[in-house]
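Contents: one structure, followed by commentary.
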Amino acid sequence: MTLPDRLSVFSPLDGAALVLLVLCWFLTGWRIEHPGARQPSVSVLMESFRREWMVHMITRQPRIFDAQLLSSLRQGASFLASATMIALGGGFALIGKTDELAGLAKDLTLGTSPTVVWEIKILTAMLFLTNAFLKFVWSHRLFGYCAIMMAAVPNDESDPLALPRAVQSAELNITAARSFNRGLRATYFALAATAWLIGAAPLIAATLVCVAVLWRREFASQSRRILMQTPASAQPDL
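If you want this note's numbering, it's the 1-based position in the sequence shown plus 1032.
Below you can see the structure in the form of structure tokens.
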């Protein structure tokens, strides 16, 4: 079966749903990383706190807290990289069982599509998982670079290299966190892509739900309201 023949088994609604999925993934990520000055996202707000963290680290003795905190960040990236790798393995195993999957779909009255349809739908979700895996692995690597840079920050705050090295550490930390967040978003959209197994309309619905969840967490969540508070307004009433 040639490529045009393979694509002909999909309806225009399938194509529209797939385009919507990819566009929402790209545009949501771009907006979260490039928000307006009046409405910063949680990811952008956290960047300033990461910079403050590295500045305070200069005078913190000992720096065990900083090392433990960075270690936990690396463990989170490592765990999710392992999880996505396992999910990819499951996807490859499922592709080898598309005949059984097609039979199950027929029993559930989900249609009698050829196996190539199920393979492409599974591969779509796997592409998002692959992107997530690569982002998590790179995030883990960058957090490692950040740890080395933090170790290079002089203990003496009067040292001319202290602040510049701390700033470099902060930027590496921010870059690692950005890659980590991209991996999380790809994982979200991979989950949305699995709805395509049911049909084009469920894929559209899952994509819109995914965008709504990400948008709320970045721009309308309680955690964002806390981060937006000034130190004075964050004081509890006594």
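Every residue, glycine too, gets a C-beta built ideally from N, C-alpha and C.
**Message:** Since R1256 and L1059 should fall inside the 8 Å C-beta cutoff, what is the C-beta to C-beta distance between them, to a whole number of angstroms?
**Reply:** As a working mapping, residue 1256 is identified with position 224 in the sequence shown. As a working mapping, residue 1059 is identified with position 27 in the sequence shown. Not really, about 20 Å apart at Cβ, beyond 8 Å.
**Prompt:** For D1046, is the classification buried or exposed, using 16 other Cβ atoms within 10 angstroms of its Cβ as the cut-off for buried?
**Reply:** Counted from its first residue, the sequence shown places residue 1046 at position 14. When all chains shown are included, D1046 counts as buried.
**Message:** Once DSSP output is grouped into helix, strand and coil, what is the label at E1070?
**Reply:** What you label residue 1070 is simply residue 38 of the sequence shown in a count that begins at 1. Per the sequence presented here, residue 1070 reads as Arg, with Glu not at that position. Here R1070 sits in coil by DSSP.
**Prompt:** Any idea if F1105 is buried or exposed, counting beta-carbon neighbours within 10 angstroms, 16 or more meaning buried?
**Reply:** By 1-based counting over the sequence shown, the position of residue 1105 is 73. Note that residue 1105 corresponds to Leu in the displayed sequence, not to Phe. By the neighbour-count rule (16 or more Cβ atoms within 10 Å), L1105 is buried.
**Prompt:** Between F1097 and S1103, what straight-line distance do the alpha-carbon atoms span, to the nearest angstrom?
**Reply:** Counting from one through the sequence shown, the residue named residue 1097 turns up at place 65. Counting from one through the sequence shown, the residue named residue 1103 turns up at place 71. Going from the Cα of F1097 to the Cα of S1103 covers about 10 Å.
**Contact check, R1210 vs E1065, beta carbons under 8 Å** = For the purposes of this step, residue 1210 is taken as the residue at position 178 of the sequence shown. For the purposes of this step, residue 1065 is taken as the residue at position 33 of the sequence shown. In contact: R1210 and E1065 (Cβ atoms closer than 8 Å).
**Asked** When the Cα of C1242 is compared with those of L1053, S1043, Q1261 and L1126, which residue comes out closest?
**Response** Counting from one through the sequence shown, the residue named residue 1242 turns up at place 210. Nearest option by C-alpha distance: L1053.
**Asked** Between the C-alpha atoms of L1229 and A1157, what's the straight-line distance to the nearest angstrom?
**Response** Indexing the sequence shown from 1 puts residue 1229 at position 197. Indexing the sequence shown from 1 puts residue 1157 at position 125. Their backbone Cα atoms lie some 10 Å apart in a straight line.
**Request:** Just the C-alpha distance for L1204 and M1260, rounded to the nearest angstrom, thanks.
**Result:** Taking the first residue of the sequence shown as position 1, residue 1204 is located at position 172. Taking the first residue of the sequence shown as position 1, residue 1260 is located at position 228. Roughly 23 Å separates the two Cα atoms.
**Between the CA atoms of R1173 and A1218 - distance to the nearest angstrom** = Sequence index remark: in the sequence shown, residue 1218 carries index 186 (1-based). Sequence index remark: in the sequence shown, residue 1173 carries index 141 (1-based). Taking the straight line from one Cα to the other gives about 18 Å.
**Prompt:** How many angstroms separate the CA atom of G1121 from the CA atom of A1164?
**Reply:** Here the question's residue 1121 lines up with position 89 in the sequence shown. Here the question's residue 1164 lines up with position 132 in the sequence shown. The straight-line gap from Cα to Cα measures roughly 14 Å.
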